[in-house]
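As structure tokens, the structure follows; a few thoughts come after it.
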Amino acid sequence: NVAETSITIDDILYVIDSGKSKQTGFDLINQLATLDETWISQANAVQRRGRAGRVQAGLCVHLFPRCLYDRMEPKPLPEMSRAPLAGLVLQIKALGLGEARGFLSRALDPPDDRLVGEAVSRLKAMDALQA
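When we follow full-length UniProt numbering, the leftmost residue of the sequence shown carries the number 1, and every step to the right adds one.
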């Protein structure tokens, strides 16, 4: 998603926005990380549009209709809400930040407590965390 970075590339005059993005997800059934193609949010579309013409006149063409834009989520889902939590739980433990559930409950957009519990249980079953 180079069109959403904060980097200004002077020569970019045109942005063609497909409205799609590849995002990390999580398959609950198979307990695997996934890379899913999804529709972007309205905030993503605005950010992409802002890449065109940063230092001179430019144009952004969105390849999706206005009615689809109107149905898009206002902002993207935080990665913590859609990605596997096991790695994050291990990092919290390794950094000595305390119990994962309590630490993550204080996040701006905390993940579902049930998913945190499942990640902890999986890590304990693999002997990656002590019971």
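Glycine is no exception: its CB is placed at the ideal position from the N, C-alpha and C atoms.
Contact between residue 25 and residue 82 holds: CB atoms are separated by about 5 Å, below the 8 Å threshold. Residue 109 sits close to residue 78, with the two beta carbons spaced by under 8 Å. Look at residue 99 here: in three-state DSSP terms it is coil, with no helix or strand label.
The Cβ-Cβ distance between residue 85 and residue 63 does not fall below 8 Å. Taking 4 residues as the shortest admissible run, the UniProt domain "Helicase C-terminal" (1–96) contains the following complete alpha helix (DSSP H) segments, listed from N- to C-terminal end: 42–49, 66–71 and 86–94. Burial check for residue 76: the Cβ neighbour count within 10 Å reaches 16 or more, so the residue is buried. Closest by C-alpha distance to residue 44, out of 30, 18 and 53, is 18. By the criterion of a C-beta distance shorter than 7 Å, residue 41 is surrounded in its chain by 72, 73, 74, 75 and 76, once the five residues flanking it on both sides are discounted.
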